[in-house]
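S.K.: All residue numbers in the sequence shown are consecutive under full-length UniProt numbering, ending with 492. Before I ask anything, here is the structure I am working with.
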Amino acid sequence: MKVQEILQLLNQQDAEIEIDKSQTISGVTDDSREVEDGYVFVAVRGYQVDGHHFIDEAIDNGASVVISEETVTHKNVVCLRTINSRRALGKIASAFYGYPSKDKIVIGVTGTNGKTTTSHMIKHICEQNGYSCSMFGTIDYVVNDNVVPGIQTTPSAPMLQQLLYESDDDVVVMEVSSHGLDQYRLEGVMFDFCVFTNLYKDHLDYHSSMEDYFAAKSKLFYMLKPQGKAVINVDDLWGEKLSIKLSKENIPHWKVGHQMENEMIIKDIDTDHFSGTVKVQDEEVTIKSPLQGAHNVYNSLEAYAVGRLLGLFSPSITEAFLSLPGINGRFECYELDNGATVVIDYAHTADSIEHVLDTARQQGAESLIHVFGFRGNRDQTKRGEMIGASAIRSDAYILTLDDLNSESYEDMVYTLEQLQHEYGDTQGRIIPDRTLAIEEAVMNSSQGDWIIITGKGHEPYQQDYHYPVSSDKETVIYLQNKITETKSDLMA
């Protein structure tokens with residue numbers, strides 16, 4: 001990539017620059033610490049750090065081009081001003097790596113709930129039918145069978161384009177967040193298929209309204225390749241709105257839902273056996289969800305739709321579901337020695353909490369004990385609804401800590417007390433230490449009880465607690481071992 005190409009991308013090819021425009025660019029980043037000789041450094045205003053403060057450091061490290069939203073001058077360095085640094089970063093990163101998405105089958109999944117589950121289902125279907133598959137998502141990034149923990153749902157633009165470039169896989173499945181779309185992290189990515197799962201109240205600390213949230217999600221569906229197609233859950237109100245929007249603009253898509261005019265008509269949802277019967281092109285087929293919950297039936301149906309659009313035979317898709325392994329932190333079940341069941345789930349909205357608690361009840365839970373909390377400096381508008389969803393469906397709930405982020409322990413405890421006073425019920429209580437909250441639920445459980453722990457799922461703890469563990473899963477295993485050891489000591 002040459003400097004001249006950057007000027008063209010930013011519509012500044014006529015800029016007066018006293019440096020050789022034919023010089024080669026060796027890399028692109030928005031992190032001054034990563035800059036090496038010949039790099040492009042793009043100064044991005046973050047939510048905690050402003051990249052403009054690190055321009056001098058980037059130049060000292062060898063940057064030959066600096067792009068910023070402020071006027072910068074420096075001898076022997078190309079300094080360009082742009083209105084939107086984030087978009088510039090995405091454009092340059094995509095061009096630097098040669099627009100790698102154009103040569104692969106790329107599938108994007110967006111929505112409030114179900115992105116991770118649906119993405120894993122699609123990946124598994126592809127692999128069971130002979131495709132090699134990369135995946136970028138909340139839990140991890142998988143490229144050429146190499147797995148690394150996910151940093152964020154949608155990687156930064158340079159990282160995403162680099163991963164696409166390095167991937168030798170046939171298919172790339174990626175979870176697409178509203179933040180990623182709004183911040184142009186996917187600039188230059190072209191999709192063969194896009195999936196919309198649902199939209200519920202979330203991230204309103206970032207988006208000004210549900211309409212703004214919806215607008216951000218909708219951007220994905222304007223990134224389809226010329227022959228690309230979307231899959232939309234039109235049983236969801238916002239999915240229906242998206243379908244109407246896409247129809248007006250002649251963007252091809254499959255509608256999945258109960259209406260008879262849909263391309264994939266849902267004939268029946270069996271909530272006892274977690275399966276759905278659908279009609280596609282005069283063929284009726286029953287799809288058994290590999291994961292419990294009516295919401296996971298919808299995830300399965302949309303994954304099935306993607307398989308059909310890929311040209312796979314229906315039996316090969318439905319058979320693939322039968323061998324799907326569990327997904328880390330998604331309705332992950334553990335049986336305790338006392339006959340109680342523990343479920344760990346990532347649910348962190350009122351709607352997803354409802355789904356998880358309803359599913360546990362459908363599975364025969366005689367009593368539900370729910371342990372959950374709220375993330376510091378995150379969407380506060382959904383907190384009361386989350387407590388309300390739990391109070392209606394659980395027999396008892398314990399409010400505890402989730403990630404504090406930059407919020408203090410004292411402030412969060414005070415917040416829990418205020419929320420419990422305003423929205424809570426008599427069956428609710430507060431135990432700030434997350435491991436002790438889980439212990440309280442476990443120690444007071446018995447045969448037929450289900451303990452539902454939500455909010456963290458697969459994620460590690462950000463702060464230390466009473467017990468030496470680093471996740472909800474480790475806490476449950478630790479407590480089970482502790483109980484076993486106590487029983488052994490008593491019997492000795």
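Glycine is no exception: its CB is placed at the ideal position from the N, C-alpha and C atoms. Treat the numbers as computed from the prediction; the structure is a model and nothing was measured.
Can you tell me which of 6, 191 and 160 puts its alpha carbon nearest to the alpha carbon of residue 92?
M.R.: For the purposes of this step, residue 92 is identified with residue 92 of the sequence shown, where counting begins at 1. It is 6 whose Cα lies nearest to the Cα of residue 92.
S.K.: Going by the CB atoms, is the gap between residue 42 and residue 88 shorter than 9 Å?
M.R.: Here residue 88 corresponds to residue number 88 of the sequence shown, with the count starting at 1. Here residue 42 corresponds to residue number 42 of the sequence shown, with the count starting at 1. Their beta carbons are under 9 Å apart, which means residue 88 touches residue 42 by this criterion.
S.K.: Among 287, 278 and 293, which one has its Cα closest to the Cα of residue 272?
M.R.: Counting from 1 along the sequence shown, the entry for residue 272 is found at position 272. With distances taken between Cα atoms, residue 272 lies closest to 293.
S.K.: By DSSP, does residue 279 sit in helix, in strand, or in coil?
M.R.: For the purposes of this step, residue 279 is taken as residue 279 along the sequence shown, with counting starting at 1. Residue 279 falls in the strand class under three-state DSSP.
S.K.: Using only the alpha-carbon positions, how far apart do residue 67 and residue 100 sit?
M.R.: In the sequence shown, the residue the question calls residue 67 occupies position 67. In the sequence shown, the residue the question calls residue 100 occupies position 100. Approximately 23 Å, taken between the alpha carbons.
S.K.: How long is the line joining the alpha carbons of residue 27 and residue 98, rounded to whole angstroms?
M.R.: The sequence position of residue 27 within the sequence shown is 27, counting from 1. The sequence position of residue 98 within the sequence shown is 98, counting from 1. If I take the Cα positions, the gap works out to 12 Å.
S.K.: What do you reckon, are the CB atoms on residue 398 and residue 417 nearer than 9 Å?
M.R.: As a working mapping, residue 398 is identified with position 398 in the sequence shown. As a working mapping, residue 417 is identified with position 417 in the sequence shown. For residue 398 and residue 417, no; Cβs fall outside 9 Å.
S.K.: Kindly give me the distance between the Cβ atoms of residue 337 and residue 483, rounded to whole angstroms, as I take these residues to be in contact under 8 Å.
M.R.: Your numbering for residue 337 matches position 337 in the sequence shown. Your numbering for residue 483 matches position 483 in the sequence shown. Contact holds; Cβ gap of about 7 Å.
S.K.: Only counting runs of 4 or more residues, tell me where the alpha helix (DSSP H) segments fall wholly within the segment 204-276, in order along the chain.
M.R.: The segment 204-276 contains these whole alpha helix (DSSP H) runs: 210-218 and 237-248.
S.K.: Report the residue from 348, 445, 433 and 147 whose alpha carbon sits nearest the alpha carbon of residue 386.
M.R.: Looking up residue 386 in the sequence shown gives position 386. Closest by alpha carbon: 348.
S.K.: According to DSSP, what are the bridge partners of residue 89?
M.R.: Mapped onto the sequence shown, residue 89 falls at position 89. Answer is none; residue 89 lacks a bridge partner.
S.K.: In this structure, does DSSP put residue 341 in helix, strand or coil?
M.R.: By 1-based counting over the sequence shown, the position of residue 341 is 341. It is a strand residue.
S.K.: Compare the Cα-Cα distances from residue 182 to each of 159, 220, 170 and 197 and report the closest residue.
M.R.: As a working note, residue 182 is residue 182 in the sequence shown. Of 159, 220, 170 and 197, the residue nearest in Cα terms is 220.
S.K.: For a quick check, are the C-beta atoms of residue 64 and residue 31 less than 9 Å apart?
M.R.: Within the sequence shown, the letter at position 64 stands for residue 64. Within the sequence shown, the letter at position 31 stands for residue 31. Not a contact, by the Cβ cut-off of 9 Å.
S.K.: Kindly indicate the opening and closing residues of the beta strand (DSSP E) around residue 454.
M.R.: Position 454 of the sequence shown, counted from the first residue, corresponds to residue 454. Here the beta strand (DSSP E) through residue 454 covers 449-454.
S.K.: Please go through the UniProt domain "Mur ligase N-terminal catalytic" (24-97) and give each complete alpha helix (DSSP H) segment of 4 or more residues, from N-terminal end onward.
M.R.: Within the UniProt domain "Mur ligase N-terminal catalytic" (24-97), the complete alpha helix (DSSP H) runs of at least 4 residues are 55-60 and 85-96.
S.K.: DSSP three-state label for residue 196, please.
M.R.: Within the sequence shown, numbered from 1, the residue matching residue 196 stands at position 196. The answer is strand: DSSP assigns residue 196 an E or B state.
S.K.: What number of angstroms, rounded off, separates the C-alpha of residue 242 from the C-alpha of residue 264?
M.R.: The residue given as residue 242 occupies position 242 in the sequence shown. The residue given as residue 264 occupies position 264 in the sequence shown. Residue 242 and residue 264: Cα-Cα distance of roughly 16 Å.
S.K.: On a Cα-Cα basis, can you pick out the residue from 74, 375 and 185 that is closest to residue 400?
M.R.: Here residue 400 corresponds to residue number 400 of the sequence shown, with the count starting at 1. The residue with the shortest Cα to Cα distance from residue 400 is 375.
S.K.: Short of 6 Å in beta carbon distance, which residues of its chain neighbour residue 295, apart from the five on each side in sequence? Order them along the chain.
M.R.: For the purposes of this step, residue 295 is taken as residue 295 along the sequence shown, with counting starting at 1. Excluding positions up to five away in sequence, the list reads 355.
S.K.: Is the distance from the Cβ of residue 110 to the Cβ of residue 178 below 9 Å?
M.R.: Counted from its first residue, the sequence shown places residue 110 at position 110. Counted from its first residue, the sequence shown places residue 178 at position 178. Closer than 9 Å, so yes.
S.K.: Quick one: is residue 80 near chain C, going by C-beta distance under 9 Å?
M.R.: Protein chains in the displayed structure number just one, and chain C is not present.
S.K.: Where does residue 193 land, buried or exposed, given buried means 16+ other C-beta within 10 angstroms?
M.R.: By 1-based counting over the sequence shown, the position of residue 193 is 193. Buried: at least 16 other Cβ atoms inside 10 Å.
S.K.: Would you mind reading off the limits of the beta strand (DSSP E) that contains residue 396?
M.R.: Within the sequence shown, the letter at position 396 stands for residue 396. Where residue 396 is concerned, the enclosing beta strand (DSSP E) stretches over 396-401.
S.K.: Would you call the CB atoms of residue 353 and residue 370 closer than 9 Å?
M.R.: As a working mapping, residue 353 is identified with position 353 in the sequence shown. As a working mapping, residue 370 is identified with position 370 in the sequence shown. Yes.
S.K.: For residue 321, which of helix, strand or coil comes out of DSSP?
M.R.: Taking the sequence shown and counting its residues from 1, the one referred to as residue 321 is at position 321. Reduced to three states, the DSSP call for residue 321 is helix.
S.K.: Would you mind reading off the limits of the beta strand (DSSP E) that contains residue 368?
M.R.: As a first step, residue 368 must be located in the sequence shown, where it is residue number 368. Per DSSP, residue 368 belongs to the beta strand (DSSP E) from 367-374.
S.K.: For residue 174, which beta-bridge partners are listed by DSSP?
M.R.: For the purposes of this step, residue 174 is taken as residue 174 along the sequence shown, with counting starting at 1. Partner(s): 108 and 136.
S.K.: Smallest Cα separation from residue 251: which of 235, 11, 218 and 123?
M.R.: Taking the sequence shown and counting its residues from 1, the one referred to as residue 251 is at position 251. Nearest of 235, 11, 218 and 123 to residue 251, Cα basis: 218.
S.K.: Is the segment 127-137 close to the segment 168-175, with three or more CB pairs under 8 Å?
M.R.: With the cut-off at 8 Å, the segment 127-137 and the segment 168-175 touch.
S.K.: Could you give the C-beta distance for residue 279 and residue 267, rounded to a whole number, given that I count them as a contact under 8 Å?
M.R.: If you number the sequence shown from 1, residue 279 lands on position 279. If you number the sequence shown from 1, residue 267 lands on position 267. Sure, about 6 Å apart at Cβ, within 8 Å.
S.K.: Which whole-angstrom value describes the C-beta separation of residue 204 and residue 381, a residue pair presumed to lie in contact below a C-beta threshold of 8 Å?
M.R.: Stepping through the sequence shown from its first residue, residue 204 is reached at position 204. Stepping through the sequence shown from its first residue, residue 381 is reached at position 381. Correct: roughly 5 Å between the Cβ atoms.
S.K.: Quick one: Cα of residue 104 to Cα of residue 168, how far?
M.R.: Residue numbering aside, residue 104 sits at position 104 when the sequence shown is read from its first letter. Residue numbering aside, residue 168 sits at position 168 when the sequence shown is read from its first letter. C-alpha separation (whole angstroms): 9 Å.
S.K.: Is there contact between the segment 422-439 and the segment 314-334, where contact requires at least three CB pairs shorter than 8 Å?
M.R.: Because the criterion of three Cβ pairs below 8 Å is not met, the segment 422-439 and the segment 314-334 do not touch.
S.K.: Report all residues from its chain with a CB closer than 7 Å to the CB of residue 302; omit the five preceding and five following residues, and keep chain order.
M.R.: The residue labelled residue 302 in the question sits at position 302 within the sequence shown. Cβ within range, chain order: 118, 195, 197, 231, 233 and 256.
S.K.: Since residue 470 contacts residue 478 with CB under 8 Å, what's their CB separation in whole angstroms?
M.R.: By one-based count along the sequence shown, residue 470 stands at place 470. By one-based count along the sequence shown, residue 478 stands at place 478. Their Cβ separation, rounded to whole angstroms, is 10 Å, which puts residue 470 and residue 478 out of contact at 8 Å.
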